[in-house]
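A.B. asks:
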Amino acid sequence: MFRLPDTAPSQMKRRIDGSPKTTHTHTMTAGKHKLFLYGILLLFALVLPTFSATAQTVRRWREPEKYDTGEQASVAVLATGLVVEFHRNPPPSIGFARTIWYHIGRVSHGGIQWGPSHKMNLKTTDVAWPQVAVTPTGQVIFTYSDWTTSLHSDLIYWTGRIQTDGDTSQTIDWAQKEVKYDSGFHNDLALAPFYTYGVFTDVHEAKGTGSGLYYRIGHLTSDLRISWITGTNGVKYESGMNPHIAINSDNQVVEVHQVTSEWLLHYRRGTIHAEVPSLSGINFQESHCYNN
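Quick look at the structure:
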């Protein structure tokens, strides 16, 4: 709390003794102090609620709403408000098949209007970690691990199309199905906001007992096959697990992962040189620990 200055005893004495000049000077000074402090208090009264309201707006989340049952969900959102979500179903009991389902929804009035759930007809029932990415024109890239652990897992992709201005009852028109593109586990996909240079990235764990992390850069052909511009195999860039990657419109990359057998989280920054074929790859900087 601010305490406003009181009139000093010396000022009162001068006033009684009849010293108007001195009393006037001190009275004016005290008045200025009071006005200044009143101004400070008024400023706090006006500004602090604004800061508080701003903080509440930034941190505000809507109440969670159930849209399905499942786990390991992955989601992509288009500029049109269309949403594409994939997830794995929960195990009803030991020995039952694990399958992957998808929804198409649309952002509406702060929530999401979901269409029906669609089951993927996959070649195996031991599946994990579905991932999805969608280009601005509605080209869909769906990937998954075809085993529930890394020991025997390969990475599979499907590609198809959706209507970006269509309704939520539509289904994905698949063009390529069940294409093995690498050995590995628990991958992540990312493409730039405006699909800069028409490329996307994939990061994933090594197959088996290895601790390596690998990346690939690809683009979609006219028949929606994936052409890998980094070659036929992944490029090792780190050791770790649970990798995730994001790209901005300048092809700058941020990758995060967990250190194997520890709870430490590391990140790496980098740049994609997809516009120069001879330099196709990610120029990663050093790995930094940012949390645990």
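In the numbering used here, the protein residues as written are 16 to 307.
Where a beta carbon is used, it is the ideal one built from N, C-alpha and C, also for glycine.
Rounding to the nearest angstrom, what Cα-Cα distance links G181 and W116 in this structure?
C.D. replies: 20 angstroms
A.B. asks: In chain order, what are the residue ranges of uninterrupted beta strand (DSSP E) at least 3 long that sit wholly in the segment 234 to 271?
C.D. replies: Within the segment 234 to 271, the complete beta strand (DSSP E) runs of at least 3 residues are 241 to 243, 250 to 254 and 256 to 262.
A.B. asks: Since F215 contacts L204 with CB under 8 angstroms, what's their CB separation in whole angstroms?
C.D. replies: About 6 angstroms separates the Cβ atoms of F215 and L204, confirming a contact at the 8 angstroms cut-off.
A.B. asks: Would the beta-carbon of G126 fall within 8 angstroms of that of H118?
C.D. replies: Result no, Cβ atoms of G126 and H118 do not sit closer than 8 angstroms.
A.B. asks: Starting from T183 and walking both ways along the beta strand (DSSP E), at which residues does that stretch end?
C.D. replies: First-last for T183: undefined, no H or E at that position.
A.B. asks: Can you tell me the Cβ-Cβ gap for F200 and S160, rounded? I've got them flagged as a contact below 8 angstroms.
C.D. replies: That pair is a contact at about 5 angstroms.
A.B. asks: Rounded to whole angstroms, what's the CA-CA distance from H79 to G85? Just pull it up for me.
C.D. replies: Checking the sequence, you will find Pro at residue 79 rather than His. When rounded, the distance between both Cα atoms is 15 angstroms.
A.B. asks: Tell me W386's beta-bridge partners as DSSP assigns them.
C.D. replies: Nothing about residue 386 can be read from this structure; the chain reaches only from 16 to 307.
A.B. asks: Rounded to whole angstroms, how far is the Cβ of I260 from the Cβ of T245, which I believe are closer than 8 angstroms?
C.D. replies: Between I260 and T245 a beta carbon distance of about 14 angstroms is seen, past the 8 angstroms cut, so the two are scored as non-contacting.
A.B. asks: Restricting to runs no shorter than 3 residues, where is the beta strand (DSSP E) found entirely within the segment 154 to 224?
C.D. replies: 154 to 160, 169 to 176, 188 to 198, 200 to 206 and 215 to 220, all fully within the segment 154 to 224.
A.B. asks: Starting from A143, trace the beta strand (DSSP E) both ways and give me its first and last residue.
C.D. replies: A143 to V149
A.B. asks: Rounded to the nearest angstrom, how far is the Cβ of Q87 from that of R103, given a contact under 8 angstroms?
C.D. replies: Between R103 and Q87 the Cβ distance is about 5 angstroms, and since that is below 8 angstroms, they are a contact.
A.B. asks: Are the segment 149 to 156 and the segment 133 to 141 touching by the rule of at least three beta carbon pairs closer than 8 angstroms?
C.D. replies: no
A.B. asks: Count the C-beta pairs between the segment 234 to 248 and the segment 187 to 198 that are closer than 8 angstroms, then say yes if the count reaches three, no if not.
C.D. replies: Segments in contact, yes.
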